[in-house]
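Here's the structure we're looking at; comments come further down.
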Amino acid sequence: MLTKKEVVKVAKLAKIELSEEEVEIFSKQLPQILDFIEKLNELDTSRIFPFYEIFDANAPLREDIPKKGLTNEEALANAPQKENGFFVVPRVVKAE
């Protein structure tokens, strides 16, 4: 079990604010997640390709035809806040 102090440290590194209840929950869940990752590391993946993409080569694709996009004014027309040609949004990353 991780200590609450360790969970708070990891959350701070991830820039996530946790309630006291969430700290309690994650102090129990994170060790289980880490144990699961360790289990996955035991698997032999030497013959597994690192990336697999499902793509049907016979699927009908539309022709890529460029179209006129929105002007800056049109894009910002319904923006609740705008400044100097940009959307104004709340800051989500706190400076430390």
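Residues are numbered in the numbering used here as their position in the sequence shown, beginning at 1, plus a constant of 568.
We put the CB at the ideal spot given by N, CA and C, even for glycine.
List the endpoints of the continuous alpha helix (DSSP H) containing Ala579. For the purposes of this step, residue 579 is identified with residue 11 of the sequence shown, where counting begins at 1. Counting along the chain, the alpha helix (DSSP H) containing Ala579 begins and ends at Lys572 to Leu581.
I'd like the span of the alpha helix (DSSP H) that includes Lys607, first residue to last. Looking up residue 607 in the sequence shown gives position 39. That run of the alpha helix (DSSP H) goes Glu588 to Asn609.
From Glu574, Thr613 and Met569, pick the residue whose C-alpha is nearest to that of Gln600; which is it? Along the sequence shown, one-based indexing puts residue 600 at 32. The shortest C-alpha separation from Gln600 is found at Met569.
Closer than 8 Å to chain B by CB, Ser595: The structure shown contains no chain B; it is built from a single protein chain.
DSSP puts Lys650 in a beta bridge; with which residues? The residue you call residue 650 lines up with position 82 of the sequence shown. According to DSSP, Lys650 bridges with Phe655.
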